[in-house]
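Chemist: In this note's numbering, the protein residues as written are 138 to 1024.
Heads up, the beta-carbon is just placed ideally off N, CA and C, and yes, glycines get one too.
Quick one: structure below, then a few questions.
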């Protein structure tokens, strides 16, 4: 169905005729607001006046209890002697010329005391030929007359209406004279009745008086001795244009009879009705007029402050409740306005869009799938898909998903929005299985040749270097430093920025130093792994990531660099922001946020982020067999036992932490060691408390690491079991120092020339999936430069400040209003019954969550119970409902 727009003018609010009714063109009008005085201003042109003439002022009454508020009652005692009338003196333009059209009419409530009761007359001006005359006889039968320029009748016609003679009803009588066509037509409307009387078009017997200059008299034909007894209101003289439809206008007058915005004293004091709107100075409900509507699917009212009433028997009986599915008849509204609100009309929209639930899907990495969307909507649809880390498009009613290098369980939300901004969303989970990844065998460093590349390929191979040490860290440094005699035959091949290949890895020469080792001239060459070139591959734009998988962020980092992704097995999703970074810094940031280990393959120019690099094949070192030096380091430089938290406004966690502005943990030591965690502006106490609690758990105990000098025995044994590299899990035994540890190698220095002098650093903290490095020391901060994932306060709720209305929220009994909290808007809960808002969020990497909100009463009275209910749905489909009483 198309939209239904209506109930948007004065006829629909109070039953009064708006001066801007389409093509009506009123030239004079009085709503009797000034009645009671000797004269009062015209509503079309206040420079003109309507005048009250009477022989008995006591016989007239101006009251405020009419159907349209103020009205005038005349000749209430004895019309023959009261002789009261209202006159509008002639002015140029009052009457149309010979080619124009005249519509004059008025609402009246007549007593039919005399044999004729004039309503509107041009016959009472001496020496001025009349144009038209509208009256009723003693039985209440309306009569229309039209005169020629000579004063002769060219039409004298009675029209029998269904309600003639009703002295209690307000009736609108009107006469449309088409001077050019030589016709006249009478219409009559009884207020409260949906069927107007539309008289036939009568043909004039002669030309009407197109040069009339007579006054307009209301409720009197004084020259013939007739005066009407009764009430009069809404007197109008108009010159309708060609687009004016008399039958439609009469129908609108009839249907406006159900409107009551000015029909009671209470409504008149609390509501102000203009041609533009109904304004409420105090809370007040009113009924609109009716509109003739039909539909085959039920529309949406679009407002909770209106109640529909419909009729299928032309207003004889009315029903209310949920709108029927199929309907044809009259529809009106009961409108409840709060103080300061206004009503300007209604637009009925087609049924809300619908979208059937979507099932979870499974994909492989770099896979695609399509999902049919079972949806209904009206108008032009707009699809939106929130699928962080996935590529998603909608064509017609088909959703296409491409996984790329994403991994893990990824939430996907599909939103269908119609052309009126109404939306429906469905969420499901896309599980992307990482491709299998097998750790490569460690490079064969002992006695490996050093190959120097020139412009055209390998240029020199050195097997007799004085020294060569490859240093590599997990997620850190990867360099080579070597030296050769200054007079070596290949010394000239070592030039800055040339490539060096060693044990399958490629390095870029960054620094060449000529000097002496004792008395021997030597050339020392410092090289960085080729992936360091990514630091000079341009700057990436700032980005905001919301629950993004690592692979998607890595694709952003490597775009346009010539490097690609080989594997991503980390399945964490993170929310963070990055400033302008080079691709290498971006990759480091991604690793620090998502965890795992970065692996660069310079030969293939690929990057991998895996849960844990290295192997665990039983490599071991014992003192006397491969192990020559041992060192255990217990580090407390970053240990703290008490952390204070505060945001930029100085708000602490005391209000949600039993009055304490800090958290503390003395499990390892009783010494008080303090640090301060400074949060961003607006961070809630709940969020600050959860963040510092997680941080203290890591920093309230010392960290342990071990350093060893070991021999790479693989050059002797030729066995792969003796080869090791950074990231491998190895066992080290030194009984004299009480060391028996199975740990990861986090740093290795491979001595290529003297394999027995290689050094490894082991960490006692095995990396957990998605963990941070845990090496930050000193004061804590949550500024934009901090990338530690567990220190990022982020609101999982979307549109939490209601900047976009109620988008992303389901609700009942609430509305968006201007607010004075952290944003410009808030939602108001008002009225009776249960009112609520609801939103479903996808959890991130935390196991602790906080809920905070600002609640302010907006008026006096009792604040009802206010409760938050957090429903947690687990992977097995079970749910827990956690009630939180707020007020």
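Which residue comes first and which comes last in the beta strand (DSSP E) that contains residue 131?
Modeler: Look at the range of the chain in this structure, 138 to 1024, and you will see that residue 131 is not part of it.
Chemist: Along the chain, which unbroken stretches of the beta strand (DSSP E) at least 3 residues long are found entirely within the segment 720–801?
Modeler: 734–738, 743–747, 757–760, 763–772, 779–783 and 799–801
Chemist: Taking residue 619 as the reference, which of 611, 601 and 157 has the closest Cα?
Modeler: As a position in the chain shown, residue 619 is number 482, starting the count at 1. Of 611, 601 and 157, the residue nearest in Cα terms is 601.
Chemist: What do you reckon, are the CB atoms on residue 253 and residue 272 nearer than 8 Å?
Modeler: The count along the chain shown starts at 1 and reaches residue 253 at position 116. The count along the chain shown starts at 1 and reaches residue 272 at position 135. Yes, the pair counts as a contact, with Cβ atoms nearer than the cut-off.
Chemist: On the DSSP letters alone, give me the boundaries of the alpha helix (DSSP H) that residue 219 sits inside.
Modeler: In the chain shown, residue 219 corresponds to position 82, counting from 1. Here the alpha helix (DSSP H) through residue 219 covers 216–219.
Chemist: On the three-pair Cβ rule with 8 Å, is the segment 355–371 touching the segment 292–303?
Modeler: no
Chemist: What ranges does the beta strand (DSSP E) occupy inside the segment 395–447, keeping only unbroken runs of at least 3 residues that lie completely in it?
Modeler: 408–410, 415–417, 421–424 and 428–432
Chemist: What's the call for residue 142, buried or exposed, on a 16-neighbour Cβ count within 10 Å?
Modeler: To locate residue 142, count along the chain shown from 1; it is residue 5. Counting Cβ neighbours within 10 Å, residue 142 comes out exposed, since fewer than 16 surround it.
Chemist: Would you mind working out which of 398, 613, 889 and 336 sits nearest residue 668, comparing C-alpha positions?
Modeler: Residue 668 sits at position 531 when you count from the first residue of the chain shown. Selected option, being the one with the closest Cα: 613.
Chemist: Closer than 7 Å by C-beta to residue 514: which residues in its own chain qualify, once you throw out the five before and the five after it? Chain order, please.
Modeler: Within the chain shown, the letter at position 377 stands for residue 514. Excluding sequence neighbours, residue 514 sits near 490, 553 and 555.
Chemist: Give the range of the alpha helix (DSSP H) segment to which residue 688 is assigned.
Modeler: Taking the first residue of the chain shown as 1, we reach residue 688 at position 551. Taken as a continuous stretch (DSSP letters only), the alpha helix (DSSP H) holding residue 688 covers 687–695.
Chemist: Mind the definition here: the segment 391–411 touches the segment 425–442 only if three or more C-beta pairs lie below 8 Å; say whether that holds.
Modeler: yes
Chemist: Whole angstroms is fine: what's the gap from residue 144's alpha carbon to residue 334's?
Modeler: On the chain shown, residue 144 is found 7 positions in, with the first residue counted as 1. On the chain shown, residue 334 is found 197 positions in, with the first residue counted as 1. Between residue 144 and residue 334, the alpha-carbon positions lie close to 22 Å from each other.
Chemist: Under a CB-based cut-off of 8 Å, is residue 480 close to chain B?
Modeler: The chain inventory of the structure shown lacks chain B, comprising one protein chain alone.
Chemist: To the nearest angstrom, how far is the alpha carbon of residue 836 from that of residue 798?
Modeler: The sequence position of residue 836 within the chain shown is 699, counting from 1. The sequence position of residue 798 within the chain shown is 661, counting from 1. Cα to Cα, the separation comes out at about 18 Å.
Chemist: Which word fits residue 862, buried or exposed, when buried means at least 16 other C-beta atoms lie within 10 angstroms of its C-beta?
Modeler: As a first step, residue 862 is located in the chain shown; it is residue number 725 there, counting from the start. So residue 862 ends up on the buried side.
Chemist: Ordered along the chain, which non-local residues of its own chain (more than five positions away) have a Cβ less than 7 Å from that of residue 778?
Modeler: Looking up residue 778 in the chain shown gives position 641. So the qualifying residues of the chain are 801, 802, 803, 806, 808, 809, 810 and 837.
Chemist: Report, in whole angstroms, the separation of the C-beta atoms of residue 649 and residue 662, which I expect to be a contact under 8 Å.
Modeler: Taking the first residue of the chain shown as position 1, residue 649 is located at position 512. Taking the first residue of the chain shown as position 1, residue 662 is located at position 525. Their Cβ separation, rounded to whole angstroms, is 6 Å, which keeps residue 649 and residue 662 in contact under 8 Å.
Chemist: In angstroms, rounded to a whole number, what distance separates the CA positions of residue 740 and residue 520?
Modeler: As a position in the chain shown, residue 740 is number 603, starting the count at 1. As a position in the chain shown, residue 520 is number 383, starting the count at 1. Straight across, the Cα-Cα distance linking residue 740 with residue 520 is about 43 Å.
Chemist: With a 10 Å radius around its C-beta and 16 neighbouring C-beta atoms as the bar for buried, classify residue 1006 as buried or exposed.
Modeler: What you label residue 1006 is simply residue 869 of the chain shown in a count that begins at 1. Result: exposed.
Chemist: With burial defined as no fewer than 16 other Cβ atoms inside 10 Å of the residue's Cβ, what is the status of residue 368: buried or exposed?
Modeler: Taking the first residue of the chain shown as position 1, residue 368 is located at position 231. Looking at its Cβ environment, which holds 16 or more other Cβ atoms inside 10 Å, residue 368 is buried.
Chemist: Quick one: is residue 148 buried, meaning 16 or more other Cβ sit within 10 Å of its Cβ, or exposed?
Modeler: Taking the first residue of the chain shown as 1, we reach residue 148 at position 11. Buried.
Chemist: Can you list the alpha helix (DSSP H) stretches of 4 or more residues lying completely in the segment 808–845, in chain order?
Modeler: 822–836
Chemist: Only counting the same chain, and skipping five residues up and downstream in sequence, which positions put a Cβ closer than 7 Å to that of residue 583?
Modeler: Walking along the chain shown from the start, residue 583 turns up at place 446. Excluding residues within five positions, the ones whose Cβ falls inside 7 Å are 849, 851, 852, 889 and 892.
Chemist: Buried or exposed: which applies to residue 545, given that a residue is buried once 16 or more other Cβ atoms fall within 10 Å of its Cβ?
Modeler: Counted from its first residue, the chain shown places residue 545 at position 408. It is buried - the Cβ of residue 545 has at least 16 other Cβ atoms within 10 Å.
Chemist: How long is the line joining the alpha carbons of residue 388 and residue 480, rounded to whole angstroms?
Modeler: Residue 388 sits at position 251 when you count from the first residue of the chain shown. Residue 480 sits at position 343 when you count from the first residue of the chain shown. Taken atom to atom, the span from the alpha-carbon of residue 388 to that of residue 480 is near 22 Å.
Chemist: So residue 572 and residue 501 are in contact, right, with Cβ under 8 Å, and what is the actual spacing, rounded?
Modeler: For this step, residue 572 is matched to residue 435 along the chain shown. For this step, residue 501 is matched to residue 364 along the chain shown. About 7 Å separates the two Cβ atoms, so the contact holds.
Chemist: Roughly how far, in whole angstroms, is the beta-carbon of residue 373 from the beta-carbon of residue 163, given that I think they are within contact range, below 8 Å?
Modeler: Position 236 of the chain shown, counting from 1, holds the residue named residue 373. Position 26 of the chain shown, counting from 1, holds the residue named residue 163. The distance from the Cβ of residue 373 to that of residue 163 is about 6 Å, consistent with a contact at the 8 Å cut-off.
Chemist: For residue 844 versus residue 881, is the C-beta spacing smaller than 8 Å?
Modeler: As a position in the chain shown, residue 844 is number 707, starting the count at 1. As a position in the chain shown, residue 881 is number 744, starting the count at 1. Going by C-beta atoms, residue 844 is not nearer than 8 Å to residue 881.
Chemist: For a test of the three-state rule: what should DSSP assign to residue 381, helix, strand or coil?
Modeler: As a working note, residue 381 is residue 244 in the chain shown. Residue 381 carries a coil assignment under DSSP once its states are collapsed to helix, strand and coil.
Chemist: Taking the straight line between their C-alpha atoms, what separation do you get for residue 432 and residue 211?
Modeler: On the chain shown, residue 432 is found 295 positions in, with the first residue counted as 1. On the chain shown, residue 211 is found 74 positions in, with the first residue counted as 1. Computed Cα separation, rounded: 47 Å.
Chemist: Which same chain residues, not among the five before or five after residue 574, have their C-beta less than 6 Å away from its C-beta?
Modeler: Taking the first residue of the chain shown as position 1, residue 574 is located at position 437. The residues are 704, 706 and 747.
Chemist: By DSSP, does residue 537 sit in helix, in strand, or in coil?
Modeler: Start at 1 with the first residue of the chain shown, and residue 537 comes out as number 400. Strand.
Chemist: State the DSSP-derived secondary structure class of residue 644, mapped to helix, strand or coil.
Modeler: In the chain shown, residue 644 corresponds to position 507, counting from 1. Of the three classes helix, strand and coil, the one that applies to residue 644 here is strand, per DSSP.
Chemist: Does DSSP put residue 279 in a helix, in a strand, or in coil?
Modeler: What you label residue 279 is simply residue 142 of the chain shown in a count that begins at 1. Look at residue 279 here: in three-state DSSP terms it is strand.
Chemist: Locate the beta strand (DSSP E) running through residue 554, then write down its first and last residues.
Modeler: Position 417 of the chain shown holds residue 554. Looking at the DSSP string, the run of the beta strand (DSSP E) that includes residue 554 is 545–554.
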